[in-house]
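Residue 1157 in our numbering sits at position 507 of the sequence shown, and the numbers go up by one each step.
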Amino acid sequence: MAGISFEMVLRADPEPWRKAAADWDRLGAALDERTDALSRSARRLVGVWESGPASSSAGAHCEALRKDLDAAFPPLLLIAQALAQHGNTVAELRVRARELVEQGRAAHVTVHPDGSMTVDPAHVTEATARSVSALVAVRDALLREAAELDARTARTIAENTATASGMPSATVQRSSVPARGADPTDVKRWWDSLSPAQRRYAISEYPELIGSLDGVPVVNRDIANRIVLDREMDGRTERRAELQAREAHIRAMLEQGRAIELYPRDHHPATHAAQRELAVIADERNRIDATLHGLNSIDARLEDPDKPRAYLIGLSTTDDGRAIVSVGNPDAADNVLTYVPGVGAELAGVETGIERADRMALDARRIDPGQETASLYWLGYDAPDDAVVDAPSDSYAEAGARELNRFQNGLRVTHDGEPSRNVVLGHSYGSLVIGHAAGGAGIDADAVVFVGAPGVDVDSAVELRGVTANEVWATRAQHDKIAAWSPDVVHGIDPTEPRFGGRVFGSDPGNSADRVATHSAYWDPGNLARENIAYIVTGHPEMVR
651 MAGISFEMVL RADPEPWRKA AADWDRLGAA LDERTDALSR SARRLVGVWE
701 SGPASSSAGA HCEALRKDLD AAFPPLLLIA QALAQHGNTV AELRVRAREL
751 VEQGRAAHVT VHPDGSMTVD PAHVTEATAR SVSALVAVRD ALLREAAELD
801 ARTARTIAEN TATASGMPSA TVQRSSVPAR GADPTDVKRW WDSLSPAQRR
851 YAISEYPELI GSLDGVPVVN RDIANRIVLD REMDGRTERR AELQAREAHI
901 RAMLEQGRAI ELYPRDHHPA THAAQRELAV IADERNRIDA TLHGLNSIDA
951 RLEDPDKPRA YLIGLSTTDD GRAIVSVGNP DAADNVLTYV PGVGAELAGV
1001 ETGIERADRM ALDARRIDPG QETASLYWLG YDAPDDAVVD APSDSYAEAG
1051 ARELNRFQNG LRVTHDGEPS RNVVLGHSYG SLVIGHAAGG AGIDADAVVF
1101 VGAPGVDVDS AVELRGVTAN EVWATRAQHD KIAAWSPDVV HGIDPTEPRF
1151 GGRVFGSDPG NSADRVATHS AYWDPGNLAR ENIAYIVTGH PEMVR
C-alpha cells in the first residue's frame, strides 16, 4: 500500500484518467484511418503501375508498412482501456471512501482525511470500539484495492509501450488458436500461456478468431472485434460503391440504347436482362444498407465520448448478424447484467438493444454508485424473425441456450478479483432462451429475470438449475400483448403466476389501446420495471416492489 493514502482516494479525480483514455482512443482512431488510407492507395497502385520488380517491391513495402500499423493498433487501445478502467475504479473507490466517512459519523467516529480515526469522547463504548475496528478494515481494503489498481494500470502501460529497441515481436500459429466453441477454461489457459507480444500478434493477425472466443479477456476481445468491425464496414462500403457504379453504367447504356452491348450472349431482350441485374443490385444494396446501419450504430456507440466506455465482445455479419456490446467492462465490474433480446432482434436493429443496455447501466449507477455495473446487450444467437411463424418453435431457444451458457461460463473465467454478481435478463423470447439454458445443464448466474416472457418451457422456478427460486424474477405488464399471444400450452406457464414459484416485481401497466407498444415499454423513462431491475442487478432485493 506504499504511496497510496486515504486522502488520495478521498480526493481523487477520475476525470484526468478518462480524458487521457479519450486521447489514446483518438490516437488509435487516427492510426486506423491512416492504415485504411494506405490500404486503399496500395490497391490502386496495381492499376497504375505496370507489373515488374519495382512494382512488386513497392507493393511488398506497402504491405509490410500496413502490417506494422495494424500491429500498433492493439497497444494503443489496451492503454486506452486501462486508463478508462482506472478512471471508473477511482470514481468507485472515492464514493466508497466518502461513504466510510459518513458511516464513521453515524457511529460517532471521525474519519480524518489522512485515514486516522477519533472516537467521540461522549460515546466511548464497546460498540464504538467494534465500529472502529470495522471501519479500519474497510479503510485498509480500500487502500489495498487502490494500490492494486495503480500497479495493474502501470503494468498494462509498460507492457504496451515501446522501448528504445522497439516493441518486442512474437508470432502465434493460426492452428494453435482454440476453435470457436472450445471450453472457456481451456481458452483462458491458452491465452494466459502467451506473452503480451504474442497476444498482440494474435489480435492483429486473427481478430475474427480471437474476438469470438469465450475465455479471452473482454479487453482483448474488444480490440479484436473493433478490427473486425472496421474491416466489415470498409468492405461493405466499397462493395456498395461498386454496385452504385455498375447501376449507373447500366442505366447509362439503357438510355443510349446500347443495352445489348452489356449482354451480347443473352438470348432474352437486353432490356430484360438489364432490369434483372438492376433488381439483383437493388436487393444486394438493401441488404448492405441494413447491415451497415447496424455496424454504424455499434461504431457510433463505441466512439461516443459522452457515455461510459463500451466494449465490443462479439460481432458477426452472418445471416441476420450477431453482436455483443457491453456498457462497462464485465471483467472488472461488481455486477454484470446480460440482456437477451427476443423476436426480431438482428444486427440491423442493434441500436435499440444497446440503448436499453445503456439505460440499465445508468439505472444501476444511480441506485448504487459505489458499485461498478456492466450492462451487456447479448445478441449472440439467431433470434426468431416472426412472432407467429417462428416464435412457437423451441429450436431458436435450444441453439441460443448453448451459446448463452458458454458465454456466461466465459464471463466467470475471465473476471478479475472477487466474483461478480451475474444477472441474466431475457425479454420476450429471450426469456425462453434463458429457460432452456437454466433448464438444461444449468446456467452460471446469481439471478435470472424474465420480462414479458411467453413462458420459459419449465413449469416451476425450482426446475431452473444454477439459480435458487429466490433469485428467479419475473414481470409482465398488464396490457402486454404477450398474454394474448402465449397461452400456457406453447412455452409453459406464465412465470409471473404464483404457481411458478418465482418472485414477481412490478412494471407499469402499459397502454390498453396499444399492447404491442406495451410489450417493449419496460425500458421507457419512468417505468417501474427499470428501477426494480436496477435493484435486482445491484443486489438490493429488499427494495424491489
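We treat Cβ as the ideally placed atom computed from N, Cα and C, and that holds for glycine. All figures in this text were calculated on a predicted structure; none of them were measured in a lab.
Might you give, ordered along the chain, the residues of its own chain that have their beta carbon closer than 8 angstroms to the beta carbon of residue i, omitting 5 neighbours on each side?
{"i": "A692", "result": "G709, C712, E713, R716"}
{"i": "I860", "result": "V827, A852, I853, V866, N870, R871, A874"}
{"i": "V751", "result": "L660, V761"}
Helix, strand or coil: how does DSSP classify residue i here?
{"i": "E657", "result": "helix"}
{"i": "H758", "result": "coil"}
{"i": "M651", "result": "Residue confidence for M651 is low, a pLDDT of 42 falling below 50, so the modelled location carries little weight and cannot support an answer."}
{"i": "R915", "result": "coil"}
{"i": "L965", "result": "strand"}
{"i": "D872", "result": "helix"}
{"i": "D943", "result": "Going by the sequence as given, residue 943 is His instead of Asp. DSSP places H943 in helix when its eight states are reduced to three."}
{"i": "T775", "result": "coil"}
{"i": "L1114", "result": "coil"}
{"i": "Y1031", "result": "coil"}
{"i": "H1077", "result": "strand"}
{"i": "A1103", "result": "coil"}
{"i": "D718", "result": "helix"}
{"i": "V930", "result": "helix"}
{"i": "S819", "result": "coil"}
{"i": "T921", "result": "helix"}
{"i": "A1037", "result": "coil"}
{"i": "V1108", "result": "coil"}
{"i": "S707", "result": "helix"}
{"i": "S1070", "result": "coil"}
{"i": "V1194", "result": "coil"}
{"i": "A1024", "result": "strand"}
By Cβ distance below 7 angstroms, which residues in the same chain neighbour residue i in space, the five residues on each side in sequence not counted?
{"i": "A1097", "result": "V1073, V1117, E1121, W1123, I1186"}
{"i": "G1030", "result": "G964, R972, I974, E1053, L1054, F1057"}
{"i": "P1159", "result": "A1127, Q1128, H1129"}
{"i": "R935", "result": "R890, L893"}
{"i": "A820", "result": "S845, A847, Q848, Y851"}
{"i": "D722", "result": "Checking the sequence, you will find Ala at residue 722 rather than Asp. Excluding positions up to five away in sequence, the list reads L681."}
{"i": "T941", "result": "R886, T967, G971, L997, A998"}
Hey, would you say residue i sits closer than 8 angstroms to residue j, going by beta carbons?
{"i": "L1114", "j": "A1088", "result": "yes"}
{"i": "N875", "j": "I963", "result": "yes"}
{"i": "R1180", "j": "R1009", "result": "yes"}
{"i": "V837", "j": "L863", "result": "yes"}
{"i": "V759", "j": "V769", "result": "yes"}
{"i": "G1080", "j": "D1107", "result": "no"}
{"i": "G1020", "j": "E749", "result": "yes"}
{"i": "W667", "j": "L733", "result": "yes"}
{"i": "A747", "j": "F656", "result": "yes"}
{"i": "I931", "j": "E905", "result": "no"}
{"i": "G737", "j": "A671", "result": "yes"}
{"i": "A1033", "j": "G978", "result": "no"}
{"i": "L1212", "j": "P958", "result": "Outside the shown range of the chain (651 to 1195) lies residue 1212, about which nothing can therefore be said."}
Quick one: what's got a C-beta closer than 6 angstroms to residue i's C-beta in the same chain, skipping five residues either side?
{"i": "G1156", "result": "L1178, R1195"}
{"i": "G1152", "result": "A1111, V1122, A1124, P1145"}
{"i": "I807", "result": "I729"}
Under 8 angstroms between C-beta atoms, does residue i make it to chain D?
{"i": "N985", "result": "This model lacks chain D altogether, as it is built from one protein chain only."}
Where do the N-terminal and C-terminal ends of the alpha helix (DSSP H) with residue i fall, by residue?
{"i": "N1055", "result": "1045-1064"}
{"i": "L677", "result": "665-698"}
{"i": "V990", "result": "That residue, V990, is in no alpha helix (DSSP H); its beta strand (DSSP E) goes 985-990."}
{"i": "T811", "result": "No alpha helix (DSSP H) contains T811, which DSSP labels as neither H nor E."}
{"i": "M1010", "result": "1000-1017"}
{"i": "V1122", "result": "Where V1122 is concerned, there is no enclosing alpha helix (DSSP H), although the beta strand (DSSP E) it sits in stretches over 1122-1125."}
{"i": "K838", "result": "834-843"}
{"i": "I910", "result": "Premise fails: I910 is in no alpha helix (DSSP H) and is neither H nor E."}
{"i": "I853", "result": "846-855"}
{"i": "T1168", "result": "1165-1169"}
{"i": "A995", "result": "A995 -> no alpha helix (DSSP H), and no H or E assigned at all."}
{"i": "L863", "result": "Taken as a continuous stretch (DSSP letters only), L863 belongs to no alpha helix (DSSP H), as it is neither H nor E."}
Just to confirm the assignment, what range does the beta strand (DSSP E) spanning residue i have?
{"i": "I974", "result": "972-977"}
{"i": "T768", "result": "767-769"}
Would you grab the beta carbon distance between residue i and residue j for me? Rounded to a whole angstrom, and I think it's under 8 angstroms.
{"i": "L912", "j": "A920", "result": "7 angstroms"}
{"i": "G944", "j": "G999", "result": "7 angstroms"}
{"i": "A960", "j": "E1022", "result": "At roughly 14 angstroms, the Cβ-Cβ gap does not stay under 8 angstroms, so A960 and E1022 are not in contact."}
{"i": "P763", "j": "L660", "result": "6 angstroms"}
{"i": "L997", "j": "A1047", "result": "Wrong, their Cβ atoms sit about 19 angstroms apart, outside the cutoff."}
{"i": "L728", "j": "N810", "result": "5 angstroms"}
{"i": "D1013", "j": "A1184", "result": "4 angstroms"}
{"i": "S976", "j": "V868", "result": "7 angstroms"}
{"i": "L719", "j": "A796", "result": "No, L719 and A796 are not in contact; Cβ-Cβ is about 36 angstroms, not under 8 angstroms."}
{"i": "G1102", "j": "I1143", "result": "Contact doesn't hold; Cβ gap of about 15 angstroms is too wide."}
{"i": "N985", "j": "R1071", "result": "5 angstroms"}
{"i": "V990", "j": "G1060", "result": "That pair is no contact at about 15 angstroms."}
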